[in-house]
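Notes follow the structure.
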Ligand SMILES: Cc1cc2nc3c(=O)[nH]c(=O)nc-3n(C[C@H](O)[C@H](O)[C@H](O)COP(=O)(O)OP(=O)(O)OC[C@H]3O[C@@H](n4cnc5c(N)ncnc54)[C@H](O)[C@@H]3O)c2cc1C
Ligand code: SF4
Ligand code: SF4
């Protein structure tokens with residue numbers, strides 16, 4: 001069967017103005033135990049790539065510039 | 078992994094089922110609030126269990142309360158003093174699950190005003206909180222020489238962090254001794270190549286099924302058919318449906334390393350689902366309260382089933398079972414203490430006083 005993609009709201013929000021991924025930072029990507037964050041190679045900013053967040057928050061706690069905000073996913077709010 | 082390597086697993090029908098916060102993946106948490114005066118209550122605000130410590134019998138009383146007109150079940154703290162509640166908040170909202178405060182805040186749920194709604198979790202295998210897992214002896218040895226197991230996946234009941242650390246130390250020391258006396262084993266190149274092919278197969282397809290939908294379907298069937306109370310006919314349906322999913326594995330696709338990880342995890346979840354069904358069908362009695370409540374075998378049958386049940390892969394690759402005798406207790410337990418497990422319901426409900 002062919003595979004389709006479906007839109008989802010991203011519970012983990014990155015403030016692009018604060019994110020310093022262009023300087024080589026990958027802290028949030030490295031600390032996420034679920035491997036769901038990634039750096040957008042075009043924009044050089046972190047983003048939530050997979051809708052599998054556990055709202056455990058090391059990404060938010062460890063980001064050196066305070067760019068990450070973890071929201072409780074909509075289905076659980 | 079241990080199962081496929083040929084290790085025996087013990088008492089898998091003794092599921093792990095926990096009281097969690099409704100809609101939130103975290104304990105409610107009676108362990109933290111208990112010493113401060115918080116407790117598990119019904120919708121009338123009354124205690125209905127003698128002890129909030131997680132056990133199969135405690136979960137049975139929890140489930141009965143949910144089924145009765147007294148549900149849902151709550152964690153009650155609104156009777157506590159302000160300084161006690163702030164202390165609880167500091168622990169629960171910064172330590173155990175730091176997003177917990179955020180979850181409650183969005184729903185306007187303040188411990189001072191309203192109790193926290195709780196619910197029954199999905200089933201799982203986890204000796205850390207229950208009694209099932211890869212069988213180990215007192216040196217953390219599995220039934221395969223040189224293979225060790227510790228922590229949540231080993232059959233050491235209720236060991237949590239402390240047990241994981243202690244048994245890790247014991248296993249390490251024993252393994253070091255074992256390794257000093259054996260050479261590296263020879264291995265079969267053909268087996269290695271076949272295993273590599275199995276692992277990477279989902280990356281070689283671009284059309285088919287995604288790990289997410291295959292995992293979701295497996296979990297849904299587990300919830301529909303394996304969650305206690307266990308019914309033989311339902312568990313047999315589950316086995317047939319799991320076999321269908323197994324046939325679909327040759328359509329499983331992974332488009333990147335993350336999806337490959339999920340594809341492999343999904344296959345492990347399917348193995349665990351099959352093991353949960355097979356182990357539950359093997360033990361034809363009820364034991365451990367809610368964890369192994371078989372509606373068509375409601376009695377505890379010590380004559381035939383006061384034993385461990387061992388699940389393993391036989392020479393033909395089939396899931397098989399056998400009984401294993403229980404070793405004598407190191408510290409004798411009084412009959413009266415043993416019976417305490419079965420007397421968890423509060424005897425005179427406060428409402429009837
Ligand atoms: C919400 C919560 C609260 C808890 N609170 C407490 C507490 O307050 N006090 C306490 O003592 N205990 C607590 N526990 C229990 C405690 O956390 C666990 O018992 C303990 O962490 C188990 O450690 P472990 O090393 O056995 O397993 P884990 O920490 O689960 O480690 C297993 C590791 O194996 C990896 N893995 C799995 N499959 C594969 C594979 N195929 N290949 C490679 N790697 C793999 C996993 O990614 C994971 O990192 C809590 C548990 C939870 C979930
Ligand atoms: S940790 Fe913060 S700064 Fe670094 S990549 Fe992630 S969001 Fe950007
Ligand atoms: S909250 Fe946890 S799971 Fe979610 S993105 Fe952050 S680190 Fe990953």
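Residue numbers (this note's numbering), protein chains in the order written: chain A, 1 to 77; chain B, 78 to 430.
Positions of the beta carbon are idealized from the N, C-alpha and C atoms, including for glycine.
Here the structure is a predicted model, which means the values were calculated and not measured.
Quick check: does the Cβ of residue i come within less than 7 Å of any heavy atom belonging to ligand 1?
i	result
residue 239/B	yes
residue 288/B	no
residue 173/B	yes
residue 79/A	Because chain A in this structure spans residues 1 to 77, residue 79/A falls outside the shown range and cannot be described.
residue 96/B	no
residue 205/B	yes
residue 112/B	no
residue 103/B	yes
residue 343/B	no
residue 136/B	no
residue 229/B	yes
Let me know the secondary structure DSSP gives residue i once reduced to three states.
i	result
residue 303/B	coil
residue 117/B	strand
residue 430/B	The predicted model places residue 430/B with a pLDDT of 46, which falls under 50 and marks its position as unreliable, so this point remains unresolved.
residue 264/B	coil
residue 287/B	coil
residue 210/B	strand
residue 14/A	strand
residue 370/B	coil
residue 273/B	helix
residue 72/A	coil
residue 176/B	coil
residue 411/B	coil
residue 423/B	coil
residue 432/B	Since the first residue of chain B shown is 78 and the last is 430, residue 432/B is not available in this structure.
residue 315/B	helix
residue 194/B	strand
residue 355/B	helix
residue 280/B	helix
residue 231/B	strand
residue 5/A	coil
residue 401/B	strand
residue 396/B	strand
Name, please, each residue of chain D whose Cβ falls closer than 8 Å to the Cβ of residue i.
i	result
residue 1/A	Protein chains A and B are contained in the structure displayed, whereas chain D is not.
Is residue i near ligand 2, with its Cβ less than 7 Å from a heavy atom?
i	result
residue 46/A	yes
residue 64/A	yes
residue 25/A	yes
residue 17/A	no
residue 38/A	no
residue 67/A	yes
residue 226/B	no
residue 20/A	yes
Confirm the yes/no value for this check: CB of residue i, any heavy atom of ligand 3, distance under 7 Å.
i	result
residue 55/A	yes
residue 193/B	no
residue 330/B	no
residue 334/B	no
residue 59/A	yes
residue 12/A	yes
residue 423/B	no
residue 31/A	yes
residue 70/A	yes
By the DSSP assignment, the alpha helix (DSSP H) with residue i in it spans what residues?
i	result
residue 360/B	From DSSP, residue 360/B is part of no alpha helix (DSSP H); its letter is neither H nor E.
residue 434/B	Any answer about residue 434/B is impossible in this case: the structure gives chain B only from 78 up to 430.
residue 380/B	379 to 382
Which residue from the options puts its Cα closest to that of residue i?
i	options	result
residue 287/B	305/B, 320/B, 299/B, 338/B	338/B
residue 165/B	230/B, 107/B, 204/B	107/B
residue 231/B	364/B, 394/B, 78/B, 399/B	78/B
residue 389/B	210/B, 383/B, 181/B, 278/B	210/B
residue 212/B	402/B, 306/B, 421/B	402/B
residue 128/B	319/B, 121/B, 117/B	117/B
residue 140/B	367/B, 317/B, 423/B	367/B
residue 133/B	314/B, 305/B, 395/B	305/B
residue 146/B	307/B, 121/B, 261/B	121/B
residue 189/B	113/B, 154/B, 160/B	154/B
residue 203/B	131/B, 395/B, 162/B	131/B
residue 34/A	56/A, 24/A, 23/A	56/A
Within the continuous beta strand (DSSP E) that includes residue i, where are the two ends?
i	result
residue 308/B	Segment: none, residue 308/B is in no beta strand (DSSP E) and carries neither H nor E.
residue 218/B	No beta strand (DSSP E) contains residue 218/B, which DSSP labels as neither H nor E.
residue 389/B	385 to 390
### Runs of alpha helix (DSSP H) wholly within the segment 84 to 166 of chain B (minimum 4 residues, chain order)
Counting only runs that start and end inside the segment 84 to 166 of chain B, the alpha helix (DSSP H) elements of at least 4 residues fall at 107 to 110, 133 to 144.
### Query
Can you list, in chain order, the stretches of the alpha helix (DSSP H) that have 4 or more residues and sit fully within the segment 28 to 58 of chain A?
Runs of the alpha helix (DSSP H) inside the segment 28 to 58 of chain A: none found.
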